[in-house]
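Chemist: In the numbering used here, the protein residues as written are 15 to 329. First the structure, which I've put down as structure tokens, then a few questions once you've had a look.
In structure tokens form, the structure reads like this:
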């Protein structure tokens with residue numbers, strides 16, 4: 015347990031950012047976990063991670079001292095690139111392995127909480143409300159790439175509406191085993207979740223509990239027996255691209271859940287070769303103060319492929 019008196023240099027700083035800065039040897043995930051368990055207090059009262067401190071406040075951290083002193087800093091390894099940002103939105107490149115929002119079944123750094131903590135100490139003077147920037151959509155934990163966050167309530171509502179109405183197109187790059195016969199194709203199927211093993215299954219026809227999915231892809235390059243595909247996610251369901259491509263006979267390289275274990279091992283892949291690399295704004299109706307985005311594309315500048323993927327000759 016640790017007690018700290020807030021000094022003038024930290025006045026008006028968010029407590030999560032204060033703790034991340036103060037303890038260089040502790041992962042951000044440890045503090046987010048402590049907030050969830052209500053193990054951090056200010057002046058004797060339990061507080062949320064978006065609480066703002068004042069000079070003279072007493073911060074009490076109910077985490078063992080030895081953990082605070084010796085743990086390696088997880089968040090220091092994180093590099094969140096921001097390919098695009100303006101007054102209303104932020105588009106970040108999410109690293110693989112980081113969930114976009116809190117998962118009750120897992121611990122670790124969470125993208126939205128991490129960015130909210132960083133936003134509280136911006137150098138450009140822009141002040142965001144607690145809880146912002148906020149996610150406009152989601153991508154799977156193990157998929158890397160572009161994610162849009164809104165900086166205010168009105169922007170969030172508009173962006174969520176645009177995603178819901180398919181007025182923002184999402185494109186992915188995927189390296190697969192197997193080469194499609196068609197250079198371009200669109201496939202419909204039905205996806206059903208199985209919560210007990212955190213998997214989904216694809217069916218040709220509807221079954222009880224299934225939902226319709228549509229996936230488009232374009233063959234960009236083939237080096238036998240591998241392919242580089244551009245995939246458009248027409249419907250956005252959990253594990254859709256991974257499970258649908260595997261069902262079609264083109265499992266994603268590095269995918270531990272739907273891929274081919276022997277091939278992943280031979281290429282020494284630790285991560286799935288799937289990235290959200292392009293977002294395209296195609297508004298069909300007005301977007302209020304966001305009309306300026308219509309017709310624009312945002313592209314991931316650098317896709318961090320593993321060396322095993324590069325060895326296939328696809329990249």
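Built from N, CA and C at the ideal position, the CB exists for glycine as well. Computed from a predicted structure; not experimentally measured.
1) Can you tell which of 43, 190, 148, 48 has the C-alpha that lies nearest to the C-alpha of residue 258?
2) Should residue 90 go down as buried or exposed, given a rule of 16 or more other Cβ atoms within 10 Å for buried?
3) Three or more C-beta pairs under 8 Å: does that hold for the region 253-272 against the region 203-221?
4) Taking just the CA atoms, how far does residue 298 sit from residue 109?
5) DSSP state of residue 258, grouped into three classes?
6) Which of helix, strand or coil does DSSP assign to residue 280?
7) What residue range is occupied by the uninterrupted beta strand (DSSP E) comprising residue 28?
8) Ignore the nearest five residues each way along the sequence and tell me which others in residue 321's own chain have a CB closer than 8 Å to its CB.
9) Alpha carbons only, please: which of 126, 33, 246 is nearest the one belonging to residue 182?
10) Taking C-beta to C-beta, are residue 252 and residue 228 nearer than 7 Å?
11) Among 73, 74, 96, which has the Cα closest to the Cα of residue 314?
12) Please report how far the alpha carbon of residue 236 lies from the alpha carbon of residue 292, in whole angstroms.
13) Assuming contact is defined by CB atoms lying nearer than 7 Å, are residue 20 and residue 67 in contact in what I supplied?
14) Can you check whether the CB of residue 163 is closer than 7 Å to the CB of residue 149?
Modeler: A quick look at the data gives this:
1) Its Cα nearest to that of residue 258, the residue 190 stands out among 43, 190, 148, 48.
2) With a pLDDT of only 48 at residue 90, under the threshold of 50, the placement of this residue in the model should not be trusted; the figure read from the coordinates follows. Residue 90 comes out exposed.
3) yes
4) 31 Å
5) helix
6) helix
7) Here residue 28 belongs to no beta strand (DSSP E), and DSSP marks it neither H nor E.
8) Here the set comprises 282.
9) 246
10) No, these two residues do not count as a Cβ contact at 7 Å.
11) 96
12) 21 Å
13) yes
14) yes
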